[in-house]
Amino acid sequence: MTIEIRPATPSDAPQILAFITELADYERARHEVIASVADIERSLFSEGATAHGLICLRDGLPIGFAVFFFSYSTWLGSNCLYLEDLYITPEQRGGGAGKTLLRHLAKIACANDCGRFEWSVLEWNTPAIDFYKSLGAQPQEEWVRYRMDGKVLREFAEGQ
1 MTIEIRPATP SDAPQILAFI TELADYERAR HEVIASVADI ERSLFSEGAT
51 AHGLICLRDG LPIGFAVFFF SYSTWLGSNC LYLEDLYITP EQRGGGAGKT
101 LLRHLAKIAC ANDCGRFEWS VLEWNTPAID FYKSLGAQPQ EEWVRYRMDG
151 KVLREFAEGQ
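Position 25 of the sequence shown, counting from 1, maps to 25 under the UniProt record's numbering, and the rest follow consecutively.
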């Protein structure tokens, strides 16, 4: 069986949203998915889009995706690649697709002189944690991620 990784195209937007929904189900957060196909088309494929998508195929059929963007490290003085989401359908896990997709992303990071390749994983997702550690990735336990969104973000931006 052949695994292929290719850049996502606008016609992939419905499949990407389906994968996002499956991932959210797995992460027990489906209620948080508000994205639409139009949102995916705009945010990944419009002129000036800063996020990029990849589609993972096995024997020509989509089995997963990744969305990533470039960030910057002041300490390194270089760009970094941040993996927002990576998902392989459950029935396709264990067959090398996830590793192939991560290696493809690592090559993109190296080709763009990125000093880091980073992502986040839920602390309860031990299968993913064990997989990432098997590849040599290390957790950054000294950092705590913070977030503002929705009403809190808008109110803060407005000075409230």
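Think of the CB as a built atom: it goes at the ideal place given N, C-alpha and C, for glycine as much as any other residue.
Proximity winner among the options, relative to residue i (alpha-carbon distances)
i: Tyr64; options: Thr100, Gly136, Leu153; result: Sequence inspection shows Gly at residue 64; the Tyr mentioned does not correspond to that position. When only C-alpha atoms are compared, the closest one is Thr100.
i: Glu118; options: Phe19, Ala13, Ser71, Glu41; result: Ser71
Residue i in three-state terms, based on DSSP
i: Ile3; result: strand
i: Ile55; result: strand
i: Cys110; result: helix
i: Glu27; result: coil
i: Glu47; result: coil
i: Ser36; result: coil
i: residue 166; result: The requested residue 166 does not occur in the structure, where the chain is confined to residues 1 to 160.
i: Glu118; result: strand
i: Ala66; result: strand
Burial state of residue i (16 or more Cβ within 10 Å)
i: Ile16; result: buried
i: Val67; result: buried
i: Pro62; result: buried
i: Ile34; result: exposed
i: Cys110; result: exposed
i: Ala8; result: buried
i: Leu153; result: exposed
i: Ala157; result: exposed
i: Phe19; result: buried
i: Leu23; result: buried
i: Leu83; result: buried
Counterpart residues of residue i in DSSP-defined beta bridges
i: Leu61; result: Arg58
i: Val152; result: Val152 pairs with nothing; no bridge assigned.
i: Leu17; result: Leu17 is not bridged to any residue.
Contact check, residue i vs residue j, beta carbons under 8 Å
i: Leu44; j: Ala38; result: no
i: Leu81; j: Leu105; result: yes
i: Gly48; j: Asp12; result: no
i: Arg6; j: Ile55; result: yes
i: residue 178; j: Leu135; result: No answer is possible for residue 178: it lies beyond the span of the chain, which begins at 1 and ends at 160.
i: Arg58; j: Ala97; result: yes
i: Ser78; j: Asp113; result: yes
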